[in-house]
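**Student:** Quick note, the sequences are listed as chains A and B, same order. In terms of my numbering, the first sequence has 1045 at position 112, counting the first letter as 1, and numbering is strictly consecutive. In terms of my numbering, the second sequence has 37 at position 35, counting the first letter as 1, and numbering is strictly consecutive. The C-beta atom is built at its ideal place from N, Cα and C for all residues, glycine as well. Predicted, not measured: the structure shown is a model, and the values here were computed from it.
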Amino acid sequence: MPTPNQYTGKDLNSICSLLNRPIILTGVLRDMLTRHFLEANTIEENDLKHLIWRGDDQTGILIESIHRWRPEVTELRPAVIIKRNSCQNQRVGIGDRDQGPPADGFGHPHYSTYWTGSHTLFCIGGTGAQAELLGTEVQRELTQFGPLLSQALGLHRFQVMQIGPVAEIEEAQESFTVPVTVGYTYEERWTIKQEAPLLSNISLSKILEC
Amino acid sequence: MVHIPRNVRPIPAGAVGSRSVAPTSSAASLGVGLPTDMERNADKPIVEKRSNGYKRSFATHGIKDKIAISGWDVNPFKIIEDM
Chain A
934 MPTPNQYTGK DLNSICSLLN RPIILTGVLR DMLTRHFLEA NTIEENDLKH
984 LIWRGDDQTG ILIESIHRWR PEVTELRPAV IIKRNSCQNQ RVGIGDRDQG
1034 PPADGFGHPH YSTYWTGSHT LFCIGGTGAQ AELLGTEVQR ELTQFGPLLS
1084 QALGLHRFQV MQIGPVAEIE EAQESFTVPV TVGYTYEERW TIKQEAPLLS
1134 NISLSKILEC
Chain B
3 MVHIPRNVRP IPAGAVGSRS VAPTSSAASL GVGLPTDMER NADKPIVEKR
53 SNGYKRSFAT HGIKDKIAIS GWDVNPFKII EDM
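#1: DSSP beta-bridge partners for A1012 (chain A)?
#2: Within 10 angstroms of its Cβ, does R1001 (chain A) collect 16 or more other Cβ (buried), or is it exposed?
#3: Rounded to whole angstroms, what is the Cα-Cα separation between M965 (chain A) and E1103 (chain A)?
#4: Grouping DSSP H, G and I as helix and E and B as strand, with all else coil, what is K68 (chain B)?
#5: Which of the three DSSP states, helix, strand or coil, is assigned to H1043 (chain A)?
#6: For the candidate residues A:T1069, A:F1078, A:H1089, A:E1128, whose alpha-carbon lies nearest to that of N979 (chain A)?
#7: Note the first and the last residue of the continuous beta strand (DSSP E) segment covering G1116 (chain A).
#8: Can you find a CB in chain B that lies within less than 8 Å of the CB of C1020 (chain A)?
#9: For the alpha helix (DSSP H) containing I957 (chain A), list its first residue and its last residue.
#10: Pull up the distance between the alpha-carbon of I994 (chain A) and that of E1128 (chain A), whole angstroms please.
#11: Can you confirm whether the stretch 1043 to 1060 of chain A touches the stretch 1011 to 1019 of chain A when touching is taken to mean that 3 or more C-beta pairs between the two stretches lie within less than 8 Å?
#12: According to DSSP, is G933 (chain A) part of a helix, a strand, or is it coil?
#13: Look at the Cβ atom of Q1072 (chain A), then the Cβ atom of V1093 (chain A), and state whether they are nearer than 8 Å.
#14: Which residues in chain A have a C-beta closer than 7 Å to the C-beta of S72 (chain B)? List them in chain order.
#15: At a Cβ threshold of 8 Å, is A1100 (chain A) touching chain B?
#16: Starting from E50 (chain B), trace the beta strand (DSSP E) in both directions and tell me its first and last residue.
#17: Quick one: any contact between the stretch 1076 to 1093 of chain A and the stretch 1015 to 1024 of chain A, if contact means 3 or more CB pairs under 8 Å?
#18: For S53 (chain B), does the count of other Cβ atoms within 10 angstroms reach 16, so buried, or fall short, so exposed?
#19: Pull out every residue of the stretch 1106 to 1120 of chain A whose Cβ sits closer than 8 Å to any Cβ of chain B, in chain order.
#20: What does DSSP give as the partner residue(s) for W1048 (chain A) in the beta ladder?
#21: Could you round the C-beta distance between I81 (chain B) and T1110 (chain A) to whole angstroms and report it? I think they count as a contact, below 8 Å.
#22: Could you check what DSSP says for A1105 (chain A) in three-state terms: helix, strand or coil?
#23: Taking 8 Å as the CB-CB cut-off, is R1010 (chain A) touching chain B?
#24: So what's V1099 (chain A) in DSSP terms, helix, strand or just coil?
#25: Alpha carbon to alpha carbon, how far is R1003 (chain A) from T959 (chain A)?
#26: Identify which residue in A:Q1023, A:G1038, A:H1043 has its Cα closest to the Cα of Q1032 (chain A).
#27: Checking contacts by CB at 8 Å: is R954 (chain A) closer than that to chain B?
#28: Short check: CB of D86 (chain B) to CB of E1101 (chain A), under 8 Å?
#29: Answer yes or no: do D1117 (chain A) and L952 (chain A) have a C-beta to C-beta separation smaller than 8 Å?
#30: How many angstroms separate the CA atom of Q1023 (chain A) from the CA atom of I957 (chain A)?
#31: Applying the criterion that 16 or more other CB atoms from any shown protein chain within 10 Å of the CB defines a buried residue, is A1105 (chain A) buried or exposed?
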């Protein structure tokens, strides 16, 4: 149960109290790309400078998570669709307990574990060449600002892992995509606050009688 | 032996206006410039050139892979291994 000073919403502020979660990372990647495509002078590739993002139907480029993606819309304009892939738990201590002093001065045990996963950003264009240019634009943005993103979110790792080959999309007609996959590792930490110290459950009088 | 440069060959007699297809102009078929003890090769039969079915259009036929975004996933163990 969160304490009163913890923020438990679904926006970026919740990282301070709840640390990273997959849906937060999806939102951060989308936010980063919408800001990148907000102005022509931040777009590196000349052939993509006309793809200005707007928050309405008149946008030049669609940047959405897979939850809100409508394939028929990507047939009309270029798009970046963000999808989270599987995450894998990595144990860092026996029973997830912190090594060294496993509990604080109140006897509350501390735990931590690592999660490693990835997001894939599908860069979609009307031609294979446009998908290639868009994929390179997205990859360079994430690679070059990756260290800052990693520092701001407290990630242990953040790296563009792979740029996939150009392929046609099954869900949309006449659309091609280049999948850009970013990998990351983040830490989950928690404390179990016990209602009473452990030693209160042991009757000292019984020990003294022995 | 008469020397014939490779890029300058005589026009064979009767090649203009008397045949439906132009004859080959190779030295071997003309029988000139060959050693005296070498036999003349028979011309290859004229066959119609046919398409092999491959269209050189990058946008429509060069990309044969298809991706289903809804079924896409990346093995996290591969990410762990690569990082």
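**Tutor:** Short version:
#1: Per DSSP, A:L995, A:I1057.
#2: That one is exposed.
#3: 27 Å
#4: In the three-state scheme derived from DSSP, where H, G and I count as helix and E and B as strand, K68 (chain B) is classed as strand.
#5: It is a strand residue.
#6: A:T1069
#7: 1109 to 1124
#8: yes
#9: 955 to 969
#10: 53 Å
#11: Because the criterion of three Cβ pairs below 8 Å is met, the stretch 1011 to 1019 of chain A and the stretch 1043 to 1060 of chain A touch.
#12: Since the first residue shown for chain A is 934 and the last is 1143, residue 933 (chain A) is missing from the structure and cannot be characterised.
#13: Against a cut-off of 8 Å, the Cβ pair of V1093 (chain A) and Q1072 (chain A) comes out as a contact.
#14: E1104
#15: For A1100 (chain A), the answer is yes, since a Cβ of chain B falls inside 8 Å of its Cβ.
#16: Segment: none, E50 (chain B) is in no beta strand (DSSP E) and carries neither H nor E.
#17: no
#18: exposed
#19: F1109, T1110, P1112, T1114, G1116, T1118
#20: A:N1022, A:Y1119
#21: In this structure, I81 (chain B) and T1110 (chain A) do not form a Cβ contact; the two beta carbons are roughly 20 Å apart against a cut-off of 8 Å.
#22: coil
#23: no
#24: Reduced to three states, the DSSP call for V1099 (chain A) is coil.
#25: Roughly 17 Å separates the two Cα atoms.
#26: A:H1043
#27: no
#28: With chain B represented from 3 up to 85, any question about residue 86 (chain B) goes unanswered, as that position is not in the structure.
#29: Note that residue 1117 (chain A) is Tyr in the sequence shown, not Asp. No; because the gap between Cβ atoms is not below 8 Å, this pair is not in contact.
#30: Their backbone Cα atoms lie some 20 Å apart in a straight line.
#31: It is buried - the Cβ of A1105 (chain A) has at least 16 other Cβ atoms within 10 Å.
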